[in-house]
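Before any comments, here is the structure.
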Amino acid sequence: MASLPVVDPPTSAVAAPAPLVDSHCHIVFRQFDADIDGVAARWRQAGVRALVHACVEPGEIPAIRALADRFPEMRYSVGVHPLDTEHWQADTAKVLREAALADDRVVAIGELGLDLFRQKNLEEQLAMLRPQLDLARELNLPVIIHCRDAAEPMLAELRQRHRQGAGLKGVMHCWGGTPAEMEAFLELGLFISFSGTVTFPKALDTHECARRVPAERLLVETDCPFLAPVPCRGQRNEPAHVALVAERVAELRGESLASLARSSSANAVALFGLKLEMV
């Protein structure tokens, strides 16, 4: 994993006028080992009142659980990322199930999905995806979906389940698809979450999606330590920067940051079953 520069937030960082939820972060990653207390102080100063920590492979779960012990505003998922195929074993679904049942702070299954950007091993990824979707259905938990260059097979899988009466609630995290693809996922009842990419000047499809997505289906996230928003692009991302993401989404939609913060946080509460007092 490439090293990312560590800097304090820029002076242009904002503090949200209403509570925010970072709906997808990875602070268990080594980029945060040296200054996690400062990172937490900054997210609280920025108005972040709840975080959902996404899991990419089962070996992370003890460390994520320890972070949740340390930071009461944190909830987390359990799952295997589509590019982490080496972590999928015969008993992995059982391991994830046991972890989810052991801790009521587990609020989702994921980060699961399909990623065909560099790897073209679709069948291998589907073999990991399907048991995780089954587990989410069994436990009545939402899914956190990673989908990169794979909208067609992802939609095919979800539509088949929907036709069979086994539809799922969940979120398309770090949205980077087209408006037409977004509409297709919205038709399946999914939420759309925007990350720092929405602040990138050339991300025109993402800008248009942010304008069009219904207010009741919109989430914001950092996906930190990756994809830091402008003006922090190229640096290590962190949960405090979700305020910059929300600010840009609000600007694109022609609404106030306070309004966007309230609606996106309410959506996160509804999807993940967060406690209202957290936000």
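For the sequence shown, my numbering begins at 599 and goes up steadily by one. Yeah, the Cβ is synthetic: ideal placement off N, Cα and C, and Gly gets one too.
{"Asked": "State the start and end residues of the unbroken alpha helix (DSSP H) segment that holds residue 807.", "Found": "802-810"}
{"Asked": "So what does residue 774 bridge to, in DSSP terms?", "Found": "According to DSSP, which records beta bridges pairwise, residue 774 is partnered with nothing at all."}
{"Asked": "Would you tell me roughly how many angstroms separate the C-alpha atoms of residue 741 and residue 805, rounded to the nearest one?", "Found": "24 Å"}
{"Asked": "In the structure shown, what three-state DSSP assignment does residue 761 receive?", "Found": "helix"}
{"Asked": "CB-CB under 7 Å to residue 722, same chain, minus the five flanking residues each way: which ones, in chain order?", "Found": "683"}
{"Asked": "Quick one: give me the first and last residue of the alpha helix (DSSP H) that residue 666 is part of.", "Found": "659-668"}
{"Asked": "With a threshold of 8 Å, are at least 3 pairs of Cβ atoms found where one atom belongs to the region 625-634 and the other to the region 866-873?", "Found": "no"}
{"Asked": "From the DSSP output, read off the bridge partner residues of residue 768.", "Found": "741"}
{"Asked": "So the candidates are 746, 728, 695 and 710; which of them puts its Cα closest to the Cα of residue 718?", "Found": "746"}
{"Asked": "For residue 857, I'd like the list of residues in its chain whose CB is within less than 6 Å of its CB, leaving aside the five on either flank, ordered along the chain.", "Found": "none"}
{"Asked": "Output the boundary residues of the beta strand (DSSP E) element that contains residue 625.", "Found": "Note, residue 625: premise wrong, no beta strand (DSSP E); not H, not E."}
{"Asked": "Measuring CB atoms only, is the region 640-649 touching the region 836-854, in the sense that at least three cross pairs come out at less than 8 Å?", "Found": "yes"}
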